[in-house]
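Chemist: Numbering-wise (full-length UniProt numbering), the sequence shown opens with residue 1 and increments by one.
Once you've had a glance at the structure underneath, I'll fire off some questions.
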Amino acid sequence: MATAGGGSVADPGSRGLLRLLSFCVLLAGLFLDFEPDPLPLCPDVSFFPQPQPPTPQSKGTGLCRGNSVERKIYIPLNKTAPCVRLLNATHQIGCQSSISGDTGVIHVVEKEEDLQWVLTDGPNPPYMVLLESKHFTRDLMEKLKGRTSRIAGLAVSLTKPSPASGFSPSVQCPNDGFGVYSNSYGPEFAHCREIQWNSLGNGLAYEDFSFPIFLLEDENETKVIKQCYQDH
């Protein structure tokens, strides 16, 4: 390789490296100059861990950097509440994502008939289902649970006001089988035979789901997803 002020000629490998560096500078300028469209395309929705900011060690390690393309592809969801996985000595309940994350084509379910596309008719599974909280029922969840190969995940949008009838994902007899509510204490109290403490309980919190479930708490973020679905 030529040195500054020297008379030697750069070898072919050096010229190739210089051309590559020049191309990267140009490419970085292209990435950083254009502005993203007002509404990015949304062919799929992904649940991944939040990317970590670059560390001092990672900065500058690549030949060229730019993030405008990323902003055109991904929409960060900042106000979410995830369903989590709970374990004991013998069982597991709750939800979890795949170790590498889950990606699926978004499909908005506004009525129960829309679910047919996700379960059987849609040609491009898996699907990431978006539904309002009023449709978050045990019957619907059992249908999704029965077709996990076609389900990448579920996003539930928070609707207001809350259902007039109420909602509880717990069981109808909390602590069933323990203490006063065990057969060993007295059959008259076991399994809440005398008093049903939680008549609205549907038991969803004690089910095992193999796909991620998130609550979307920001109405504006939900609108962006629905708009993408309607436009594309």
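Yeah, the Cβ is synthetic: ideal placement off N, Cα and C, and Gly gets one too.
Are V171 and N198 close, meaning C-beta to C-beta below 9 Å?
Modeler: Yes; because the gap between Cβ atoms is below 9 Å, this pair is in contact.
Chemist: Touching or not, the region 71-79 and the region 99-107, by the rule of three or more beta carbon pairs under 8 Å?
Modeler: no
Chemist: Beta carbon of K140, beta carbon of S157: below 9 Å?
Modeler: Before going further, note that residue 140 is Leu rather than Lys in the sequence given. Cβ distance not < 9 Å, so L140 and S157 don't count as in contact.
Chemist: Throw me the rounded Cβ distance for the H107 and V118 pair, which I believe falls under 8 Å.
Modeler: Sure, about 5 Å apart at Cβ, within 8 Å.
Chemist: On the three-state DSSP scale, how would you describe I195?
Modeler: coil
Chemist: Could you work out which residue in K223, C192, E142, D208 is closest to N175 when comparing CA atoms only?
Modeler: C192
Chemist: Does L119 get closer than 9 Å to chain B when you measure Cβ to Cβ?
Modeler: Of the protein chains in the structure, only one exists, and it is not chain B.
Chemist: What number of angstroms, rounded off, separates the C-alpha of F189 from the C-alpha of E219?
Modeler: 44 Å
Chemist: So for K226, helix, strand or coil by DSSP?
Modeler: helix
Chemist: If distances are taken between C-alpha atoms only, which option among H232, A155, D114 comes closest to F211?
Modeler: Taking F211 as reference, the option from H232, A155, D114 with the minimal CA-CA separation is A155.
Chemist: According to DSSP, is L39 part of a helix, a strand, or is it coil?
Modeler: With a pLDDT of 40 at L39, under the threshold of 50, the modelled position of that residue is not reliable, and no figure is offered here.
Chemist: What residue from E194, P169, E217 has the CA that sits closest to K160's CA?
Modeler: E217
Chemist: If you compare alpha carbons, which of E194, L144, R138, T137 is closest to T120?
Modeler: L144
Chemist: Comparing alpha-carbon positions, which option in S168, V224, Q227, Y185 lies nearest S133?
Modeler: Closest by alpha carbon: S168.
Chemist: When you compare only the Cα positions, how much space is there between E207 and L86?
Modeler: Taking C-alpha positions only, E207 is separated from L86 by approximately 10 Å.
Chemist: Using DSSP with H/G/I as helix, E/B as strand and the rest coil, what is H135?
Modeler: helix
Chemist: DSSP three-state label for Q116, please.
Modeler: helix
Chemist: Cutting at 7 Å between CB atoms, please list the residues of its own chain near R147, excluding the five before and the five after it.
Modeler: Setting aside the 5 residues that flank it on each side, R147 is surrounded in the same chain by L119, each with a C-beta closer than 7 Å to its C-beta; the list follows chain order.
Chemist: Could you pull out every residue in the same chain whose Cβ sits closer than 8 Å to the Cβ of G203, ignoring the five residues on either side in sequence?
Modeler: R138, P169, S170, V171, Q172
Chemist: How would you write the range of the beta strand (DSSP E) that I93 sits in, first residue to last?
Modeler: Start and end: 92-94.
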